[in-house]
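Working notes, beginning with the structure itself.
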Amino acid sequence: MASKFINKFTNKKKSYSRKENTREERHIEGDSPKVTFSLKDIDKNQIPPGQTYEGWARKGVLSYLLEKLEYISQKTMEEAIREGFIKIYGDFPPRSDFRHPPHIATDVKWAVIMNIKGQKGRVAGHIIDNVFYIVFLDLDHLFYKMKKK
-7 MASKFINKFT
3 NKKKSYSRKE
13 NTREERHIEG
23 DSPKVTFSLK
33 DIDKNQIPPG
43 QTYEGWARKG
53 VLSYLLEKLE
63 YISQKTMEEA
73 IREGFIKIYG
83 DFPPRSDFRH
93 PPHIATDVKW
103 AVIMNIKGQK
113 GRVAGHIIDN
123 VFYIVFLDLD
133 HLFYKMKKK
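In this note's numbering, the protein residues as written are -7 to 141.
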């Protein structure tokens, strides 16, 4: 007796090969990548002048930083810069209490996240595409020192 059940999902051609590289990516208009953060380049060898996570936690600044990172991560890099959360310096600052870490390329764009629990607090790092790589915790504004007049 022949089965009346027909399997709609059976491949009729019996070809199990698949075309390669035919997937089209979905691009949503106006949906630019948001800022993301990385701690892979953090430099713990320059404490001081930098600080530790524990030191920021004791001073009540670490939770404020995390809230600020959460807020910035909802922005594109262009929005974060335009709204004053991130300031790009370009080259490593000529007047700094920090040294250029040997594990970081010399041609990256150095930047800071400003106003971490007050005017002086900073997080210094570098930017590649939409990723801000945190390198230094700088509560005393020693990464980019301004000339005194």
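Beta carbons: idealized from backbone N, C-alpha and C, even for Gly.
This one's a predicted model, so the numbers in the text were calculated from it and none came from an experiment.
Item, Value
"Coarse secondary structure for G47, derived from DSSP in three states", "helix"
"Buried versus exposed, by CB contacts within 10 Å (16 or more), L58", "exposed"
"Residue from T98, P93, K32 and L131 whose Cα sits closest to the Cα of Q111", "L131"
"Residue of P86, K32, H95 and R114 minimising C-alpha distance to K139", "P86"
"Beta-carbon proximity list for S30, same chain, < 6 Å, skipping 5 on both sides", "V123 and Y125"
"Where the alpha helix (DSSP H) containing L58 begins and where it ends", "L54 to I64"
"Identity of the residues DSSP links to G82 by a beta bridge", "W102"
"Validate contact between the segment 66 to 83 and the segment 97 to 112 using beta carbons, cut 8 Å, 3 pairs", "yes"
"Endpoints, the beta strand (DSSP E) within which I119 is located", "R114 to I120"
"First through last residue of the alpha helix (DSSP H) which encompasses I73", "M69 to R74"
"Counterpart residues of L129 in DSSP-defined beta bridges", "V115"
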